[in-house]
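> Quick one: this structure, given as structure tokens, is what I'll be asking you about.
Number of protein chains: 2
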Amino acid sequence: MQSSEKRQKAIDLSHHLSDLSRARATSPLKGLARYFGRPGLISLAGGMPSPDYFPFAAISGDALVPESFSVTNTQSESSLSWLWKLFGSNRKEKTNNITIPKFPEHPDEVNLATALQYGTATGLPQLQKFINNFVKKVYQPAYEDWTTLVQTGNTDGWSRAVLTLCNPGEAFITEDWTYPSALASSQPFGIHPVGVPMDSEGMRSDELRTLLAGWDEAARGCRRPHVMYTVPVGQNPTGVTMGAARKKEIYEICVEYDVIIVEDDPYYFLQMGAYVPKDERASQASSLDSEKWISSLTPSYLKFDYQGRVIRLDTFSKTIAPGSRLGFFTCNPRFAERLERAGETSTQAPCGFGQSMVAQLLTTWQFDGYARWLHGLAAQYKARRDFMIDALSEEFKLKTSLGTTGSWRGCTIYTASPKPLRRALEMSEKAALLDADGGRPYFSLVPPSAGMFVWLKMHFENVRGFKEGDEDTLEMKLWTKIAEAGVLIGPGHYFAADEDGVSPGEAHFRMSFSFSSEEDMKKAMKIFGATVREFFENPE
Amino acid sequence: MQSSEKRQKAIDLSHHLSDLSRARATSPLKGLARYFGRPGLISLAGGMPSPDYFPFAAISGDALVPESFSVTNTQSESSLSWLWKLFGSNRKEKTNNITIPKFPEHPDEVNLATALQYGTATGLPQLQKFINNFVKKVYQPAYEDWTTLVQTGNTDGWSRAVLTLCNPGEAFITEDWTYPSALASSQPFGIHPVGVPMDSEGMRSDELRTLLAGWDEAARGCRRPHVMYTVPVGQNPTGVTMGAARKKEIYEICVEYDVIIVEDDPYYFLQMGAYVPKDERASQASSLDSEKWISSLTPSYLKFDYQGRVIRLDTFSKTIAPGSRLGFFTCNPRFAERLERAGETSTQAPCGFGQSMVAQLLTTWQFDGYARWLHGLAAQYKARRDFMIDALSEEFKLKTSLGTTGSWRGCTIYTASPKPLRRALEMSEKAALLDADGGRPYFSLVPPSAGMFVWLKMHFENVRGFKEGDEDTLEMKLWTKIAEAGVLIGPGHYFAADEDGVSPGEAHFRMSFSFSSEEDMKKAMKIFGATVREFFENPE
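As given, the protein sequences belong to chains A and B, one line each in that order. With this note's numbering, letter number 399 in the first sequence gets 399, and the count goes up by one each step, no holes. For any residue, its number in this note's numbering is found by taking its place in the second sequence, counting from 1, and adding 540.
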């Protein structure tokens, strides 16, 4: 890492601002702000109620302890179930009470008089302080004057970013398969995605260069994209994760072609390494210290961002709770100021109940406690991923191979085909006779290295009676059968960056292992298995 | 009121939807939603974390009791200061604890497993239920199929509404003086306000008709406005309130010219009646029952809305706390669906900490308790308004007259001029000699009948050495002198709907009585008084 003396400030990237962003006022507070904080100043300027009228004298929370989840356990668990076993305590989560009074004893305590008042869109100072320290330690931005700004989750973050950077009619770069809400935020404004092919690390740098170098403005009907939306860790929906070398390559291409990178990274702390089949899995007593675990994670784009061209989006949705509706930008101060103005006309500051609870939790836990909490969560998600793929391996014969072409180049692919015995038992005698060539695969998957999802590539060409061009119909047909049987999964076409750009013959499903109990996951995989096997024999 | 049998459904107003709103997807959940809630369904479709991973076992709040503030008291107070006096209890707010567990004992209890999860943009069911009942009882919409939808405060509400209804280049109708953030939300999108002159009840219906009837598309450069933004109660910044008859007139004009009314009503429950000078004020033992007090309030536009052309914006910012970032729309179901889609790409649902705290508070208080709380608040704001104007009357000679023309037609106007004795004492001998015509007014005001603000119309023509055209310069000059002396107020030009449309010679200040203690307000009025008096003699 460069020393702070040597680091440079962000370069001027103002030419990326959209017309909408330029049209926003400098600040609605205009001349007033310079008087704020003057000793003895009496403000009759705003429409602020007296805090006496806030109907809460205090709020508090029973906060789980940071070590609520084991970092070595290989089963998903309720919080502290492993601690119950360890200490034989009763079936209650281990908690500490945190309290936020309306009026603090010391002015720098988190308090409701401030948190429940109108606040600037920069959020509570205690939260901002924690976030700044966290970004500095964990992501280590490569330039000096980076800043952070709270938002209400990464959907809000991307919405604000894309409207701050793009004009109607423009295109932005993204992965071939991507998060549907990111598209829902931009498309109504006439801002369109252009997908880049992927491999085992996500977006391919060679494909990105080809796209940018060969951009034909006339044929495409718009200028070369100057914005990229990417989910580089536990990519949604594919589950792949990008390493440092690829990020550096892509960053340099973005420097060359002057592209702003919007790094949406909700799954950063759900990195879980490679899947190891159940019978090869050693008891994983990886008792890394949590801070060391954090430094072992793949770096953020920020670490290579010596120019300030990355807008990183972090959210507390996956690490605290989705309902906290709280996250933050890390970016250069010019963009941050524009993003703040954009926030002022929607939600203003994030909710003060949420901000104060999260701020108090994090300042109580401190950096080390939060690192330990994240470490425990990562172990939980790893156990959940393993459980889901283990359960699939009970339903199907999973055979591994190394991907050599296409989006799974370089990946260890698990291909699911019938288990001979089960197949014989379930199939009618006639079908068994017809199935002379047996064992043709149903689907393939690459186990995710981070995140919440298993992404299945369906081999519908093996469906009995298949005709070319059937894939889309078959995707929704099978999806409906699975739903009717009681299991809801994500149909692949929801995640296509550009439905026209998806190769014909590609059909997918996305299955989440983040929510259900092991019992439900097992049951769901049984239903899924039976429905798929039946469908491949009899798709009508 | 019409009986519910006779009431009609909303008419089709879809032609008002903007291109942006039409371009939004039907729902990102598409086909999935029809399976939600099926018994036994296992969902692997979303990216929801297990609630086991939410780091709070419970949250709770020390909630003030609904009768924390007297409904008859004429002094602003800390909560329960009047109860201390009554019962001689210690200096603590009287509270009851409310708790929200992660996992509820009964499924219809407010709980964190739901509130902190991803939720639909329609919010927590318990909150929605309370809100629906409240709207039905208090606002009594005149059509059958009205619906409500949570948002994150009225700035978000108006932002969503204006983009749902207006295309770039269009104009919307508003009062000549209005809330600056409403303009900041629309102007960057090229959607412009057109001000309508006001009187003692706010927007004038005759002026509205003239504007609409005489709209010259060619001269104005855009189609006739089809959307109105209005703050009909405690109008910001002027403080005037519109009665039932005027609302009916305006509603009928909007039917005739097919205009959608966006009713932004944050100050509805801060209605406080006319100001009575201190020495004429009887001890106001108006001990109305709180529910009767609510029915005595001026009706909402909803009460006259037999077609479903009103989008009403309610916020908890002034009645619970600004930091709750929570409010709701009441409107027809077609608009509600579009507004919901618009919310999904920004904050999604409002924060779950805030939603659950407010929902639990309101369901604990119930309708009667909340009505009592609002009643107490209204009495507080009335006391605060009276205190500020009383304090002005100590600084200036306030003379009443009846307005006959212009924006104060029909109002009781208080005109502030020098108090002879004070003036003589403060002025230099020379100035006193020059001031042969003494007593020329400094400013006029109409005491607000609702809300948080006193709006002063400055008589800068009486400033020594005044020349025509000086008003704008003088407004900021005096504003700066007052700020430098330690009091921050709102400069009038911030509130101009259309700066070009403001008559030359109009200069104003807005002073808020919502926040400061009586001691600070008194001090601020003294500083204001001295600075104004000095300025009118010596504006340099």
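We put the beta carbon where it would ideally sit given N, CA and C, even for glycine. Since the model is a prediction, treat every value here as computed from it, not as a measurement.
Quick one: residues in its chain with C-beta nearer than 6 angstroms to the C-beta of glutamate 710 of chain B, no 5 flanking neighbours on either side, listed in chain order?
Excluding positions up to five away in sequence, the list reads Ile731 and Cys762.
> Between which two residues does the alpha helix (DSSP H) containing phenylalanine 927 of chain B stretch?
Per DSSP, phenylalanine 927 of chain B belongs to the alpha helix (DSSP H) from 892 to 935.
> Determine whether the Cβ of alanine 597 of chain B lies closer than 8 angstroms to any Cβ atom of chain A.
Alanine 597 of chain B counts as touching chain A.
> Compare the Cα-Cα distances from valine 138 of chain A to each of A:Asp62, A:Ala485 and A:Ile294 and report the closest residue.
Of the candidates A:Asp62, A:Ala485 and A:Ile294, the one whose C-alpha sits nearest the C-alpha of valine 138 of chain A is A:Ile294.
> Identify every run of the alpha helix (DSSP H) within the region 730 to 775 of chain B, keeping only runs that are complete inside it and at least 4 residues long; order them along the chain.
Segments of the alpha helix (DSSP H) lying fully in the region 730 to 775 of chain B: 745 to 753 and 757 to 760.
> Locate the beta strand (DSSP E) running through serine 600 of chain B, then write down its first and last residues.
Note, serine 600 of chain B: beta strand (DSSP E), 596 to 604.
> Which of the three DSSP states, helix, strand or coil, is assigned to arginine 38 of chain A?
DSSP places arginine 38 of chain A in coil when its eight states are reduced to three.
> Please go through the same chain and pick out, in chain order, the residues whose beta-carbon is closer than 6 angstroms to the beta-carbon of tyrosine 268 of chain A, but skip the five residues on each side of it.
Same-chain partners within the cutoff: Val233.
> Mind listing the chain A neighbours of arginine 1083 of chain B? Cutoff is C-beta to C-beta under 9 angstroms, in chain order.
Outside the modelled stretch of chain B, which goes from 541 to 1080, sits residue 1083 of chain B, for which no answer is possible.
> Which residues bound the beta strand (DSSP E) around arginine 821 of chain B?
First-last for arginine 821 of chain B: undefined, no H or E at that position.
> The region 110 to 126 of chain A: which residues have C-beta closer than 9 angstroms to a C-beta of chain B, in chain order?
Taking 9 angstroms as the Cβ-Cβ cut-off against chain B, the residues of the region 110 to 126 of chain A that qualify are Leu112, Thr114, Ala115, Leu116, Gln117, Tyr118 and Gly119.
> Got a sec: is the Cβ-Cβ distance from aspartate 552 of chain B to anything in chain A below 8 angstroms?
Aspartate 552 of chain B does not count as touching chain A.
> Closer than 8 angstroms between beta carbons: that is the criterion. Which residues of the region 307 to 328 of chain A meet it against chain B?
Cβ contacts with chain B: Ser317, Lys318, Ile320, Ala321, Pro322, Gly323, Ser324, Arg325 and Leu326.
> Of the residues A:Trp177, A:Gly239 and A:Cys254, which one's Cα is nearest the Cα of alanine 213 of chain A?
Checking every option, the nearest Cα to that of alanine 213 of chain A belongs to A:Cys254.
> By Cβ distance below 6 angstroms, which residues in the same chain neighbour threonine 347 of chain A in space, the five residues on each side in sequence not counted?
Result list for threonine 347 of chain A: Thr152, in chain order.
> For chain A, find out if any of its Cβ atoms is closer than 8 angstroms to the Cβ of glutamate 1077 of chain B; answer yes or no.
For glutamate 1077 of chain B, the answer is no, since every Cβ of chain A falls outside 8 angstroms of its Cβ.
> Straight-line CA distance for leucine 86 of chain A to glutamate 877 of chain B?
For leucine 86 of chain A, the predicted model reports a pLDDT of 46, less than 50, meaning its position is unreliable; a value from the coordinates is still stated below. Their Cα atoms are separated by approximately 51 angstroms.
> Taking DSSP as the reference, what is the three-state secondary structure of methionine 521 of chain A?
Looking at methionine 521 of chain A - three-state DSSP - the assignment turns out to be helix.
> Report yes if the CB atom of proline 595 of chain B is closer than 8 angstroms to the CB atom of alanine 63 of chain A, and no otherwise.
Contact: yes.
> Suppose contacts are defined by Cβ-Cβ distances below 8 angstroms. Is leucine 270 of chain A in contact with leucine 445 of chain A by that definition?
No; because the gap between Cβ atoms is not below 8 angstroms, this pair is not in contact.
> What residues in its chain sit with their C-beta under 6 angstroms from that of leucine 248 of chain A, if we drop five residues either side in the sequence?
A quick correction: the sequence has lysine, not leucine, at residue 248 of chain A. Taken in chain order, the residues that qualify are Phe304.
> Comparing the C-beta of cysteine 351 of chain A with each C-beta of chain B, is any distance below 8 angstroms?
At least one chain B Cβ lies under 8 angstroms of cysteine 351 of chain A.
> Give the DSSP-derived three-state secondary structure of arginine 510 of chain A in the structure shown.
In the structure shown, arginine 510 of chain A sits in a strand (DSSP, three-state: E or B).
> Where DSSP assigns a beta bridge to glutamate 461 of chain A, which residues make up the other side?
Beta-bridge pairing links glutamate 461 of chain A to no other residue.
> Does DSSP classify valine 850 of chain B as helix, strand or coil?
Three-state result, valine 850 of chain B: strand.
> Using 8 angstroms as the cut-off, can you tell me whether the region 712 to 730 of chain B makes contact with the region 384 to 394 of chain A, which would need three or more C-beta pairs spanning the two stretches below that distance?
These segments do not touch.
> Helix, strand or coil for glutamine 666 of chain B? Go by DSSP, reduced to three states.
Here glutamine 666 of chain B sits in helix by DSSP.
> Note down the Cα distance separating alanine 682 of chain B from arginine 547 of chain B, rounded to an integer number of angstroms.
For alanine 682 of chain B and arginine 547 of chain B, the distance between alpha carbons rounds to 7 angstroms.
> Check the Cβ of threonine 695 of chain B against every Cβ in chain A and list those closer than 9 angstroms, keeping chain order.
Neighbours of threonine 695 of chain B on chain A, chain order: Glu344, Thr345, Ser346, Thr347 and Gln348.
> Please confirm whether aspartate 756 of chain B has its beta-carbon closer than 8 angstroms to some beta-carbon of chain A.
Not an interface residue.
> Which value, in whole angstroms, describes the spacing of the CA atoms of arginine 1050 of chain B and methionine 992 of chain B?
For arginine 1050 of chain B and methionine 992 of chain B, the distance between alpha carbons rounds to 10 angstroms.
> In whole angstroms, give me the CA-to-CA distance for serine 590 of chain B and proline 322 of chain A.
One C-alpha to the other measures close to 10 angstroms.
> Suppose the cutoff is 8 angstroms on Cβ atoms and the five residues either side in sequence are ignored; what does the same chain contact list for proline 101 of chain A look like?
Closer than 8 angstroms at the Cβ level, and outside the excluded window around proline 101 of chain A, lie Ala57, Ala58, Glu109, Asn111 and Leu112.
> What would DSSP say about glutamine 811 of chain B, mapped onto helix, strand or coil?
Note: glutamine 811 of chain B maps to strand in three-state DSSP.
> Answer yes or no: does any C-beta atom of chain B fall closer than 8 angstroms to that of threonine 473 of chain A?
Chain B, which has no Cβ nearer than 8 angstroms to the Cβ of threonine 473 of chain A, makes this no.
> In terms of residue numbering, what span does the beta strand (DSSP E) encompassing aspartate 264 of chain A cover?
That run of the beta strand (DSSP E) goes 260 to 264.
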